[in-house]
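Just so it is clear: in the sequence shown, position 36 is 36 by this note's numbering, and no numbers are missing.
Report on the structure given below.
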Amino acid sequence: GMAVGSGQIYGDDFFMQTAATDRPTLGVRSVPGGVQLRWLASAIGYQLQISTMLAPVSWIFATQIPIRVNGTNVVEVPLESPTQFYRLTK
């Protein structure tokens, strides 16, 4: 029951998703005792999140600070659970 005039926008309970080409790719490599995660340092504002399950969703921010190596953010995460999921969020 709300009128929105010409040239105005209104939103409620929504999210915006950009095209897949705009999002950075997260690379994963096994290292002793954990995994090494990499993404382009040019992906400004993205933060790494970790979860041990997808249902129910329970993402937490990684505590490791990325190290920049040749234009790439690098984080080594110890394996603390038999199953871990990773994502970049902005």
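Backbone N, C-alpha and C define an ideal beta-carbon position, used for all residues, glycine too.
Buried versus exposed, by CB contacts within 10 Å (16 or more), residue i
i	result
I50	buried
L37	buried
V31	exposed
V77	buried
L54	exposed
Own chain partners of residue i with C-beta closer than 8 Å, once the 5 adjacent residues on each side are dropped
i	result
L79	G33, G34, V35
S58	S51, T52
Endpoints, beta strand (DSSP E) assigned at residue i
i	result
I50	47-51
Proximal residues to residue i (C-beta, below 7 Å), its chain only, five neighbours per side dropped
i	result
N83	Note on identity: in this sequence residue 83 is Thr, with Asn being the wrong assignment. Closer than 7 Å at Cβ, skipping near neighbours: T52.
G95	Because the chain here runs from 1 to 90, residue 95 falls outside it and cannot be looked at.
Closest Cα partner of residue i within the set the options
i	options	result
S42	N73, K90, V77	N73
V108	P24, T63, T25	It is not possible to answer for residue 108, since the shown part of the chain is limited to 1 through 90.
Own chain, CB closer than 6 Å to residue i, minus 5 neighbours either side, in chain order
i	result
G27	R38
G71	A41
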